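Undergrad:
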């Protein structure tokens, strides 16, 4: 942790804990100027900006990640009184729009000149309880020629709830508005209500079922950093990294299968679908759950990766890779498949930068947002991952990203298994509840690259070392808007494959 | 004899969806449902009552029945070589085409009647594709009428194979075009995907989203019948007319099964079109049928 020379922020690295008192408190004008200066550069992006009740008013903390030097800058401002009115950062810096909307929704803060002042998720503890999900202010165009098509909130495949409203001119979509916030689980509040580490870890596993490992990892890292249990354990780091990459493979192969059903290419759909089974079944043999639940715990793990499991993993991976390569080779050269995906749902790098997109979707448009590369922790520090990139920004690019990332993850796991042989260490048991006392008045933040992209968990403890505020950010928080932009001037029938090509989380967004 | 033929075509019609789904299942490495599963599904649906939304009118209740009746009647016109269908008269192929058109028109009204944005979209697409595919059918049938000098199905098909030594080639070209028309008319790949659950990409399936129970069962039978109709037309083009009767009937059954297998094959190893490319794709069928037309003109020494 270093105080920057101008004393306007402190910089930490990923998963580092810092005392609240050390985060500089600026006047709002200075705060705004500082944030805008950073966000002017592509290398900087905001990973957290939130408010929490503090001494009768609100304290706002922002974390800006600098991807060029693996530093995260923290700064804050405090506002007094019940009704707070601020000049919106997003009037200039678009990526901040979603954070400001969230703060406005939770605390009734008014952001002047906000370009898109809409509810985010209708949290159960939102400030304005009169605002109901039915009152969502949809964007409208008055015209006799245009028509609206509403889809949802009940999904055709009854997966999760989300409402999509298309403003169409015939078959062409002029504007898509995505209204989420149909599940009011109150995940962030539950972190404060649940008092034991185990409860919180299980809670993390259920933030988004398809990113169980990713979110639990972020929670584990945050709590390790707050308890000070964050000791160097190479074996644990290797095993966790393998789990994270394995989850990436499982989800990418699922997406490949799912995208192929969207275009009615049956062969690839069934082959990729069948290939997913051995992958998730390995999680089952590793930790007793196919989605990797109960594998990640703060401080250690109940399920070390034994030599037996490693042998099994290698066998599964060899078989998987042969079959995957054969099918991928065929699929990625089949004219009807390429024709169907090519040029559909294009977003530019500039658009992705402006909305603050992260992860796979951003990389598919040529924007490097991969915390494994820019803010490495665990075994990524030694692995030095070079993110796979695409420049198209269309469905084909996102489709191709899946293939590239699967190959990269397999290579990484092989590498990690080799490294593992040179580590003479146990991954160790998880922290006991008696060892879980956290440092008082401390802030910690963890960035984990889940399969979808950057997951950010922030925690703040009060003077007794209890959790005072907990903040969860799934990559879907940013990327839903990318889906909406993808649909501009596209045929409405192309929506499903676009949606599948992002495969964003509803529950990760709704919390 | 015509009654026997009608029964044969009906059996083929009921068989084809099962053959398609078995083929697709085998090709994707699954065990798949039994051959009779589509028929069980229809029987199950027929035992159920229908649910009608309050926004729909009487149209919604009659449309599936009219569609069904049109298909039943259209099947009655399909001959096999010189065995006439149950009905035949001069120019019956035009009547046949518009009978199917009538059924489709009612189904489109059925979709519009629900007032759903989805179904309106599907109806719009279906109307467009039917319109685009119509020229191909008439060019092929018209050319054959020109070649044989007759204008009813049974006369055309009984004379067609004797007209020249090239008739067998023409038969296969015609079969290709009719096969593709059947894929469009029956809402199969690459124009439509009958398996999708995504309303926004559907053409035919989305039009019948609100139909349920008995009505939906009727629609399913109609879809089967349309397969039977086109399989029958294909059989006419390919079954040699000089074979003994029993062989010809057997051959027709074989062609229906092969048609089902072909559809399964075509649907397993490719992706569907972009929706915007569909009109272009369907229009190429008209282009190919023009090829058919000019070949006929040359054979008939008209040019």
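Residue numbers (our numbering), protein chains in the order written: chain A, 210 to 720; chain B, 3 to 305. Where is the CB? At the ideal position from N, CA and C, for every residue including glycine. Quantities reported herein were computed from a predicted structural model and do not represent experimental measurements.
Check whether chain B comes within 8 angstroms of residue 380 of chain A, counting only Cβ atoms and requiring the distance to be less than that.
TA: For the purposes of this step, residue 380 of chain A is taken as the residue at position 171 of the first chain. True, the Cβ-Cβ gap to chain B drops below 8 angstroms.
Undergrad: With H, G and I counted as helix, E and B as strand and the rest as coil, what does DSSP make of residue 259 of chain A?
TA: Taking the first chain and counting its residues from 1, one reaches residue 259 of chain A at position 50. DSSP places residue 259 of chain A in strand when its eight states are reduced to three.
Undergrad: Flag residue 548 of chain A as yes if its beta-carbon sits less than 8 angstroms from any beta-carbon of chain B, otherwise no.
TA: Reading the first chain from its first residue, position 339 is the one you call residue 548 of chain A. Yes, residue 548 of chain A counts as interfacial toward chain B.
Undergrad: Based on DSSP bridge pairs, tell me the residues matched to residue 274 of chain A.
TA: Residue 274 of chain A sits at position 65 when you count from the first residue of the first chain. Its beta-bridge partners are A/254, A/281.
Undergrad: Helix, strand or coil: how does DSSP classify residue 327 of chain A here?
TA: Translated into positions along the first chain, residue 327 of chain A becomes position 118. In the structure shown, residue 327 of chain A sits in coil (DSSP, three-state: anything other than H, G, I, E or B).
Undergrad: Please check the pair residue 231 of chain A and residue 219 of chain A, which I expect to be a contact at CB under 8 angstroms, by giving their CB distance rounded to whole angstroms.
TA: Residue numbering aside, residue 231 of chain A sits at position 22 when the first chain is read from its first letter. Residue numbering aside, residue 219 of chain A sits at position 10 when the first chain is read from its first letter. Correct: roughly 6 angstroms between the Cβ atoms.
Undergrad: Using the beta-carbon of each residue, which ones in chain A are nearer than 7 angstroms to residue 134 of chain B?
TA: Along the second chain, one-based indexing puts residue 134 of chain B at 132. Ordered by position in chain A, no residue passes the 7 angstroms Cβ test against residue 134 of chain B, which lies about 15 angstroms from the chain.
Undergrad: Find the residues of chain A that neighbour residue 30 of chain B, judging by a C-beta separation of less than 7 angstroms, and give them in chain order.
TA: On the second chain, residue 30 of chain B is found 28 positions in, with the first residue counted as 1. Under the 7 angstroms cutoff, chain A gives 475, 476, 479.
Undergrad: What residues of chain A sit near residue 319 of chain B, judged by a beta carbon separation below 8 angstroms?
TA: Any question about residue 319 of chain B goes unanswered here, given that chain B covers just 3 to 305.
Undergrad: What is the DSSP secondary structure of residue 612 of chain A, counted as helix, strand or coil?
TA: In the first chain, the residue the question calls residue 612 of chain A occupies position 403. Of the three classes helix, strand and coil, the one that applies to residue 612 of chain A here is helix, per DSSP.
Undergrad: Buried or exposed for residue 524 of chain A, please, with buried defined as at least 16 other CB atoms from any protein chain shown within 10 angstroms of its CB.
TA: Taking the first chain and counting its residues from 1, one reaches residue 524 of chain A at position 315. Exposed, because fewer than 16 other Cβ atoms sit within 10 Å of the Cβ of residue 524 of chain A.
Undergrad: Would you call the region 282-292 of chain A in contact with the region 254-266 of chain A, where contact means no fewer than 3 C-beta pairs closer than 8 angstroms?
TA: Yes, they touch.
Undergrad: I think residue 628 of chain A touches residue 447 of chain A, with their Cβ atoms under 8 angstroms apart; what is that distance to the nearest whole Å?
TA: As a first step, residue 628 of chain A must be located in the first chain, where it is residue number 419. As a first step, residue 447 of chain A must be located in the first chain, where it is residue number 238. Confirmed, about 6 angstroms.
Undergrad: Have a look at residue 381 of chain A and residue 354 of chain A and give me their C-alpha separation to the nearest angstrom.
TA: Indexing the first chain from 1 puts residue 381 of chain A at position 172. Indexing the first chain from 1 puts residue 354 of chain A at position 145. Their Cα atoms are separated by approximately 12 angstroms.
Undergrad: Which residues in chain A sit within 7 angstroms of residue 195 of chain B, going by Cβ to Cβ distance?
TA: Taking the second chain and counting its residues from 1, one reaches residue 195 of chain B at position 193. Those are 473, listed as they occur along chain A.
Undergrad: At what residues does the beta strand (DSSP E) containing residue 670 of chain A begin and finish?
TA: Translated into the one-based positions of the first chain, residue 670 of chain A becomes position 461. Unbroken beta strand (DSSP E) run through residue 670 of chain A: 663-670.
Undergrad: Kindly identify the DSSP beta-bridge partner or partners of residue 188 of chain B.
TA: Translated into the one-based positions of the second chain, residue 188 of chain B becomes position 186. DSSP output for residue 188 of chain B lists no bridge partner at all.
Undergrad: Measuring only the C-alpha atoms, how far is residue 347 of chain A from residue 324 of chain A?
TA: The count along the first chain starts at 1 and reaches residue 347 of chain A at position 138. The count along the first chain starts at 1 and reaches residue 324 of chain A at position 115. Using only the alpha carbons, I get a separation of about 14 angstroms.
Undergrad: Among A/351, A/545, A/601, A/579, which one has its Cα closest to the Cα of residue 559 of chain A?
TA: Looking up residue 559 of chain A in the first chain gives position 350. The candidate whose alpha carbon is nearest that of residue 559 of chain A is A/601.
Undergrad: Could you please give the first and the last residue of the uninterrupted beta strand (DSSP E) stretch that includes residue 384 of chain A?
TA: Here residue 384 of chain A refers to the residue found at position 175 of the first chain. First-last of the beta strand (DSSP E) with residue 384 of chain A: 381-388.
Undergrad: Going by the beta-carbon positions, is the gap between residue 74 of chain B and residue 227 of chain B smaller than 8 angstroms?
TA: Walking along the second chain from the start, residue 74 of chain B turns up at place 72. Walking along the second chain from the start, residue 227 of chain B turns up at place 225. Going by C-beta atoms, residue 74 of chain B is nearer than 8 angstroms to residue 227 of chain B.
Undergrad: Hey, could you find the ends of the beta strand (DSSP E) residue 142 of chain B is sitting in?
TA: Locating residue 142 of chain B in the second chain gives position 140, where the first residue counts as 1. No beta strand (DSSP E) contains residue 142 of chain B, which is instead part of the alpha helix (DSSP H) from 119-150.
Undergrad: Under DSSP, the beta strand (DSSP E) around residue 224 of chain B begins and ends at which residues?
TA: Taking the first residue of the second chain as position 1, residue 224 of chain B is located at position 222. Per DSSP, residue 224 of chain B belongs to no beta strand (DSSP E); it is in the alpha helix (DSSP H), 215-240.
Undergrad: Considering only residues of the region 491-551 of chain A, which uninterrupted alpha helix (DSSP H) runs meet the minimum length of 4 residues and lie entirely inside it, listed in chain order?
TA: Here the runs fully enclosed are 516-540, 544-550.
Undergrad: Verify the CB distance criterion: does residue 324 of chain A have a CB-CB separation below 8 angstroms to chain B?
TA: On the first chain, position 115 is the one that residue 324 of chain A refers to. Not an interface residue.
Undergrad: Alpha carbon to alpha carbon, what distance is there between residue 568 of chain A and residue 351 of chain A?
TA: As a first step, residue 351 of chain A must be located in the first chain, where it is residue number 142. As a first step, residue 568 of chain A must be located in the first chain, where it is residue number 359. C-alpha separation (whole angstroms): 36 angstroms.
Undergrad: Out of curiosity, what's the CA-to-CA distance linking residue 315 of chain A and residue 701 of chain A?
TA: As a first step, residue 315 of chain A must be located in the first chain, where it is residue number 106. As a first step, residue 701 of chain A must be located in the first chain, where it is residue number 492. Using only the alpha carbons, I get a separation of about 34 angstroms.
Undergrad: Are residue 606 of chain A and residue 688 of chain A closer than 8 angstroms when you measure CB to CB?
TA: Here residue 606 of chain A refers to the residue found at position 397 when the first chain is read from its first residue. Here residue 688 of chain A refers to the residue found at position 479 when the first chain is read from its first residue. Contact flag unset, no.
Undergrad: With DSSP collapsed to three states, give me the class of residue 78 of chain B.
TA: Position 76 of the second chain, counted from the first residue, corresponds to residue 78 of chain B. Residue 78 of chain B falls in the coil class under three-state DSSP.
Undergrad: In this structure, does DSSP put residue 682 of chain A in helix, strand or coil?
TA: Residue mapping note: residue 682 of chain A aligns to position 473 of the first chain, counting from 1. Strand, per DSSP.
Undergrad: Mapping DSSP to helix, strand and coil, what is residue 393 of chain A?
TA: In the first chain, residue 393 of chain A corresponds to position 184, counting from 1. Note: residue 393 of chain A maps to coil in three-state DSSP.
Undergrad: Under 9 angstroms, CB to CB, which of the residues in the region 106-127 of chain B have a partner in chain A?
TA: Those residues of the region 106-127 of chain B that come within reach of chain A (Cβ to Cβ, closer than 9 angstroms) are 119, 120, 122, 123, 126, 127.
Undergrad: State the CB to CB distance for the pair residue 389 of chain A and residue 715 of chain A, rounded to an integer number of angstroms; the pair is presumed to be in contact (CB under 8 angstroms).
TA: Working through the first chain from its first residue, we reach residue 389 of chain A at position 180. Working through the first chain from its first residue, we reach residue 715 of chain A at position 506. Residue 389 of chain A to residue 715 of chain A, Cβ: 6 angstroms. Contact.
Undergrad: Could you check the C-alpha separation between residue 710 of chain A and residue 239 of chain A for me, to the nearest Å?
TA: Here residue 710 of chain A is taken as the residue at index 501 of the first chain, counted from 1. Here residue 239 of chain A is taken as the residue at index 30 of the first chain, counted from 1. Taking the straight line from one Cα to the other gives about 40 angstroms.
Undergrad: Indicate whether at least one CB of chain B lies closer than 8 angstroms to the CB of residue 262 of chain A.
TA: Translated into positions along the first chain, residue 262 of chain A becomes position 53. Not an interface residue.
Undergrad: From what residue to what residue does the alpha helix (DSSP H) around residue 173 of chain A run?
TA: Chain A is shown from 210 up to 720; residue 173 of chain A falls before or after that span and cannot be answered.
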